[in-house]
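Going down the list, the protein sequences come from chains A and B.
So the first sequence is numbered by this note's numbering: it starts at 1 and just counts up by one.
So the second sequence is numbered by this note's numbering: it starts at 392 and just counts up by one.
Just below is one structure, and these are the notes that go with it.
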Amino acid sequence: MTVGMERAVAGLERARRCRWADVGRSAHPEPAIAGREAARSALAGHDDARLVLVFASGAYDLFALAAAVATVAGDVPVAGCSSAGEIDRSGAGTDSVVVLALGGEGFSISMAAVSASVDPRDAGARAAACVGDVAEREHRVLLLLTDGTSERQPQVVRGAYSVAGAGVPLVGGMGGLPRHGEPPSLIFGGEVLHDAVVGVAIGSDAPLGVGVRHGWRPVGEAMLVTRAAPGRVLELDGRPAAEVYRERLGGFQPVEVTLAHPLGMRRRVGEAHVRWVGDDDAPDGSLSSSVPAGALVWLMESDVDGVQEATDAACREALDGLDGEAARALLVLDCNARLLFLGDGVADEVDRIVAHAGDAAVAGLYTYGEIARTCGSAGFHQQTLVVLAIA
Amino acid sequence: MSDAAASWAPQQLAEFLAAVSECHDEIHAAREGVERAAESVEAECAALIRGDTVLASVGWLRFDVPERQLIAVAAAREGIVDVPGTGPCPAVALPLEGSSDAHLIIARAGAPFTPEETTLLRGMVRGLALAMRLLDTIDAERGLRARADLAAAENVRLLETLRKRQRVLEAMARIQRAISRREPLEGVLEAIVSAAGELLGDDAPALVLVDPDDPGWLAFAAQRGYDAVLAEDDSRHRVGVGVTGRAVAEARLIVVEDYPSMPDARAPWLRHGLQAAMAAPVHEDGRVIGSLLLSSFRPGRVFSRAEQDMLSSFAEHASLALTDARRVDTMLHQALHDALTGLPNRALFTDRIQHALVQGRRRGTACGVIFLDIDRFKTVNDSLGHGAGDELLVAVARRIAESLRSADTAARLGGDEFAVLLEDLGQVDEAMLVAERITAALSAPIVVSGREVYVKVSLGIAVGGQEASELLRQADVAMYRAKRDGKGRHRVFEDSMQAEVIERLELEGELLRAIERDEVEVHYQPVIALDGQTLAGFEALARWTHPTRGLVPPPQFIPLAEENGSIVALGRQILRTACRQAAQWLAEFPTAEPRIMSVNLSGRQLEDPNIVADVAAALADSGLPAAALVLEITETVLMHDTEATIARLTALKALGVRLAVDDFGTGYSSLRYLRRFPIDILKMAKPFVDGLDTGDDEGRALARAIVDLASSLKLACIAEGIEAGAQADVLHDLGCGMGQGFHFARPMASDAMTALIAEPPGAGRAFAMPSTLIP
């Protein structure tokens, strides 16, 4: 047995004994009180917290809320973002704040926040540099919280991947849009940031598992994106994109229908990468969707059962990554489009996640785009559920 | 593959070139190239290295790039590198043309790269090399400017270089898009030639391709800037000679900067003042099929390294366009032709008939279709294997094609069915002549898997008709009739045949309904122990009484049920009824050992994976001892001799039932299968019994041989079709244990049989109770 292995096993033993994860939630209308309540509840009885993650409805004044959480957290690093909905064991809801605190032995945490307004790829790379600080731990993951347009997210992921490399899984998401007309916000310490990337490197002696699933299935022949612009698909198979899309759906369809028919980008293995589609009846016959030219795409479809089965599969995949260790926490990054698609079924979704979690803490949010890279180099998703299991 | 899927690689390449062309320095181009190449093939890791320096990489932590492994992979063009999080993975290295020591290395966990992915990566590397060389030139110019504070004219030149680089990559991206959109090949090739000319200066570009009819020669496919007379008069070049010929023969870029002193310089070109030329090979699916030529009539023309790269890059694009066009052709061909024989398939054939019908109407001639089916093809397939079956089909296709007139079309419609379209027929006799020619051509044996196989074909001919589908159907009906009249014949379609087919279809429908409603009855014929003339058992036989047609003879409906597969359901019904009946008789009229109940098992039933479970269920449900059930199988079934047949028969034997070979002696009686299969009983066919009471010595000898064979193999023997007491006596004398036939009793319904069993011994019947049983 090598020296390194001995150390890791000892660390794992320590981690098994001492580490913990707790969740606090508050729906108090006052942002400062809500932040304080949720943070206190998550940190109650602990003096060795390592990380505090905050997911708060944008109905709150996030400046006040973030400051309150940071005050309670003291020296413990705080990161988070606004959400379109919040998740804990009690269910999914809006207008609340969920705080996840991780603590005990065997964790290393390093964080960075970088402006992404000029060069998103560079911002991703610089936010990922904090991975180097946790390199001594056997298991690592980089949590990326972002905002901004969806077409720049693959650039952020590409930059992060260029630094983190294939050995470190990436997870994360874009903050949810809290109120109409207002941009999502990122929380870093007691600050609120916009147009930025927050990177949280988690190093751990115990395993970390990532599950990524959506449950949409391809239908019909593949189509080639022959022309695209940022955020728009102009042509499919050399014809106006909306014309081809409508042909497949039998005419112009409202958002409730297009929500159920995203585009899926072909992957060599596993599920296609899904992209949300908006048919906004644009005069140039284009569709609102972030797919680059050259991609081979399918029209996707699913039903509530399919999407719910994906929930189970994502949880299982994340837990399988723990190599038999018990989960301490499940961090859930779920797409707002799935929330809209499932409607009342969302309670069932959270029940399923809680069932898989067993005794583990459950915390998460509804996002406007998800990040998960476990193979290949691409890792931006939409209408997808990402689960990070922490042992 | 869908059209979109097939256009994926060219489109990816177009986007790659567009992205790389936007980079303003070598470092960014290298990084963009590496990341995009990795993304396009979903690889985890990629690196661009020059010598032992890593210019850009992705997938490894910055200080963790496995440089030694990368250098080793670059040297060997492939190898293994460590992928973080996965471990050692296969990697490929693609050299950047023009920079002998630069390589793009890609490593991916999981499946190796497909040929399509490798082609795409090669195109990307080519584009990346070109972009980097152009950027290098700009860098050099920048350095020069810094040193000498260049004049305004130099600045203009620098700007021009920048613009040119942008134009080159844009032109290439445009060409890729044209390929991916499947614009006509001719136009794409023209675009490549003109872009090459435009970007390489005032020289004359041309694309020459190997002449498919005369592969030793090259011909102009597209050109620009050549003297019309020269292009016309000297457009053909020999492979291996001259600049273009050598580029093809040697599969590499050929550069000649002093054409007049080249030993194999061509006189017409010298007269037109050709000064220098270079040609880059053009490939199709990896094979060199031509070259992209750039001729210069300017004295002192020197081709820079960047220009040589650019020509190679354009040649690569032409290769992609040609490969793609060939793939479309191939896809189209595959969609319309039978993959095995290469003959047109049903879709194309139907289209050809329709076309011929229209032509015929215009010319006042008829057209005909011959429908052809190989008799007993299944036997060949089953006994010699599917490989041999395929060989046979290919040979038959060839012989059919050879017997046709040049205007006729042969097609494979599926399985062992072929068809021939005969155009411009004067009269039906002409079609019959062709049919006879085909029959004659197929009469000689065909060697498959080292064995000579004789095939017979049944042919149906139909002439005239309005619609392709009608003509095909009529020929099919005629073929069916030919088959029914005895295999190896041909028949011309007549309207009455149609009625027969309809009648048959009706009967088939009614039979299916009858089976569904359990209306097919079971009758029983006694099997008699010949020594004491006692009742040894019964054979269960299907009897169908049609509500209007009356009793339908088994030879009419059993083959029908065999063909449409309903024999499986019918067989199951008969089996269950017979078992139940036998158990009932056993309970009512117990014997020391139970009497046997023989049930026929067809080939189709034996192919049914549920057969063993069906038999087990019939026994369990009825309570009949397994030893009382005999399953009769024909020799033909045993001929198939497949592993599955043996496995099923063995599994049936394991249930405790006994197996009999029905109609022994009429088929391919082979001692081999008697040893190979777990047989218990031989049933001597009626023809061997027929002659036994006429003093026919030969017939007697044959019957004796069968009885002796059974005896030496320790099998029981049952003679079938005994119609006279004398026959029974002879069989008894020969040592045959049992028999059945009209002499003893005809098949009868169960209540009649019950009455018969219940009759006291000596009550007028030719046999007595109780029975002697099979040993």
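For glycine and all other residues, C-beta sits at the position ideal for the given N, C-alpha and C.
| query | result |
| --- | --- |
| What residues from chain A crowd round Thr-502/B, counting only those whose CB sits closer than 9 angstroms? | In the sequence as displayed, the identity of residue 502/B is Ala instead of Thr. Within chain A, the residues near Ala-502/B are Arg-268, Val-269. |
| Could you check if Glu-37/A is buried or exposed, using at least 16 other CB atoms within 10 Å of its CB as the buried criterion? | buried |
| DSSP state of Pro-606/B, grouped into three classes? | strand |
| Take the Cβ of Gln-996/B as the centre, count every other Cβ of all protein chains shown within 10 Å, and call the residue buried at 16 or more, exposed below. | buried |
| Got a sec, what are the start and stop residues for the alpha helix (DSSP H) His-139/A sits in? | Not the alpha helix (DSSP H): His-139/A falls in the beta strand (DSSP E), residues 139-146. |
| Does the ligand FMN have even one heavy atom less than 8 angstroms from the beta-carbon of Leu-53/A? | By its list of ligands, the structure shown contains no ligand whatsoever, and the ligand FMN lies outside what it can speak to. |
| Return the CA-CA distance between Asp-604/B and Ser-797/B, expressed in angstroms with no decimal places. | 20 angstroms |
| For chain A, find out if any of its Cβ atoms is closer than 9 angstroms to the Cβ of Glu-698/B; answer yes or no. | no |
| Quick one: what's got a C-beta closer than 8 angstroms to Leu-368/B's C-beta in the same chain, skipping five residues either side? | Nothing can be reported for residue 368/B, as the shown portion of chain B is limited to 392 through 1166. |
| In terms of alpha-carbon separation, which member of Gly-1132/B, Asp-1053/B, Ile-1037/B lies closest to Asp-1081/B? | Gly-1132/B |
| Would you please state the rounded distance, in angstroms, between the beta carbons of Glu-677/B and Leu-598/B? I believe it to be under 8 angstroms. | Correcting the residue type first, residue 677/B is Gly in the shown sequence and not Glu. About 18 angstroms; that fails the 8 angstroms criterion. |
| Can you give me the start and stop residues for the beta strand (DSSP E) that His-1123/B sits inside? | Per DSSP, His-1123/B belongs to no beta strand (DSSP E); it is in the alpha helix (DSSP H), 1116-1125. |
| Taking beta-carbon pairs under 8 angstroms, can you tell me which members of the stretch 147-170 of chain A lie near chain B? | Arg-158, Tyr-161, Ser-162, Val-163, Ala-164, Gly-165, Ala-166, Gly-167, Val-168, Pro-169 |
| Of all the options Arg-1091/B, Ala-1115/B, Pro-985/B, which has the alpha carbon lying nearest to the alpha carbon of Ala-927/B? | Pro-985/B |
| To be precise: take each residue of the stretch 439-456 of chain B, compare its Cβ to all Cβ atoms of chain A, and keep it if any distance is under 8 angstroms. Which residues remain? | Val-449, Gly-450, Trp-451, Leu-452, Arg-453, Asp-455 |
| Quick test of your reading: Ile-371/A and Leu-144/A, contact by CB under 8 angstroms. State the CB separation rounded to the nearest angstrom. | 5 angstroms |
| Got a sec, what are the start and stop residues for the beta strand (DSSP E) Val-846/B sits in? | Premise fails: Val-846/B is in no beta strand (DSSP E) and is neither H nor E. |
| When Cβ atoms are compared, which residues of the stretch 285-315 of chain A fall closer than 9 angstroms to chain B? | Pro-292, Ala-293, Gly-294, Ala-295, Leu-296, Val-297 |
| What in chain A is Cβ-close to Gly-476/B, meaning under 7 angstroms? | Ala-166, Gly-167 |
| With distance defined between alpha-carbon atoms, name the residue in Ala-21/A, Gly-58/A, Arg-17/A, Leu-51/A nearest to Ala-34/A. | Gly-58/A |
| Should Phe-948/B be labelled buried (16 or more other beta-carbon atoms within 10 Å of its own) or exposed? | buried |
| Taking the beta carbon of Arg-538/B as the centre, do at least 16 other beta carbons fall within 10 Å, making it buried, or is it exposed? | Caution applies to Arg-538/B, whose pLDDT of 46 falls short of 50 and renders its modelled position unreliable; the value that the coordinates give is listed next. By the 10 Å Cβ count, Arg-538/B comes out exposed. |
| Taking only the alpha-carbon atoms, compute the straight-line gap between Glu-136/A and Gly-203/A and give it to the nearest angstrom. | 8 angstroms |
| Tell me where the beta strand (DSSP E) around Trp-298/A begins and ends. | 296-301 |
| The alpha helix (DSSP H) that contains Ile-1148/B, what's its start and end? | 1141-1149 |
| Could you name the residues of the same chain whose beta carbon sits closer than 6 angstroms to that of Phe-694/B, not counting the 5 residues immediately before and after it, in chain order? | Val-646, Met-669 |
| Would you kindly report the start and end of the unbroken beta strand (DSSP E) that includes Cys-315/A? | Segment 304-320 is the alpha helix (DSSP H) holding Cys-315/A; no beta strand (DSSP E) there. |
| Starting from the Cα of Ser-448/B, find the closest Cα among Val-432/B, Arg-427/B, Arg-468/B, Ala-466/B and give me that residue. | Arg-427/B |
| Which residue comes first and which comes last in the beta strand (DSSP E) that contains Gln-916/B? | 912-920 |
| Report yes if the CB atom of Arg-517/B is closer than 9 angstroms to the CB atom of Glu-488/B, and no otherwise. | yes |
| Under 9 angstroms Cβ-Cβ, which residues of chain A neighbour Gln-402/B? | Leu-224, Val-225, Thr-226, Ala-293, Gly-294, Ala-295, Leu-296 |
| Three or more beta-carbon pairs under 8 angstroms between the stretch 266-276 of chain A and the stretch 408-428 of chain B, yes or no? | no |
| Going straight from the alpha carbon of Ala-595/B to that of Ala-400/B, what length do you get? | 30 angstroms |
| Under the rule that 16 or more other beta-carbon atoms within 10 Å means buried, what is Ser-1103/B, buried or exposed? | exposed |
| Taking the beta strand (DSSP E) that Asn-1001/B falls in, what are its first and last residues? | From DSSP, Asn-1001/B is part of no beta strand (DSSP E); its letter is neither H nor E. |
| In chain order, what residues of the same chain lie with their CB nearer than 7 angstroms to the CB of Asp-473/B, ignoring the 5 residues before and after it? | Pro-457, Gln-460, Pro-479 |
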